[in-house]
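Following: one structure in structure tokens, then a few remarks.
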Amino acid sequence: MTDIGVNVPFMQAAGMSKFKENCAKCHGEWAKGTDSGPPLIHNYYKPSHHGDEAFYRAALNGVKAHHWRFGNMSPVEGIERKDITKIISYVRWLQKANKLY
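When you line the sequence shown up against the numbering used here, it's residues -18 to 82, in that order.
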């Protein structure tokens, strides 16, 4: 169970695992952010503002800071596009579960 009170669906479980492995250190266990990185459960990251391709670019190439003061995001070392696809599915599910869209 997540802290939003629901079980993570089977289709998003692999993404949750990859998220915890590659993203949670900065973006938080449930994508709520940390002192090192922004929350992904935020209007800035809903699909109408940052589409899925923005997540691929950020993970593969890094991204210059433009919404937050955490500094630039470095590329995620060793991550593959197929892993990012799973992570995006998980993050989008989290966003919906938190009524972001």
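No residue lacks a Cβ here, since even glycine has one placed at the ideal position from N, Cα and C.
Item	Value
Unbroken alpha helix (DSSP H) runs of length 4 or more, entirely within the segment 9 to 36: which are they?	none
Please report how far the alpha carbon of Lys67 lies from the alpha carbon of His47, in whole angstroms.	25 Å
Between which two residues does the alpha helix (DSSP H) carrying Ala(-6) extend?	-9 to 3
Tell me the rounded alpha-carbon separation between Leu41 and Pro56.	5 Å
Among Tyr82, Glu58, Lys27, whose alpha-carbon lies nearest the alpha-carbon of Cys4?	Glu58
By the three-class DSSP mapping on this structure, what secondary structure does Val85 have?	Any question about residue 85 goes unanswered here, given that the chain covers just -18 to 82.
Using the Cα positions of Phe132 and Tyr71, report the straight-line distance between them to the nearest angstrom.	The requested residue 132 does not occur in the structure, where the chain is confined to residues -18 to 82.
Return yes when the Cβ of Ala(-5) is within less than 8 Å of the Cβ of Leu75, no when it is not.	no
What is the DSSP secondary structure of Thr(-17), reduced to helix, strand or coil?	Confidence in Thr(-17) is poor, its pLDDT being 48 and thus under 50, which makes the residue's placement unreliable; the coordinate value appears in the next sentence. DSSP places Thr(-17) in coil when its eight states are reduced to three.
For Tyr26, does the count of other Cβ atoms within 10 angstroms reach 16, so buried, or fall short, so exposed?	buried
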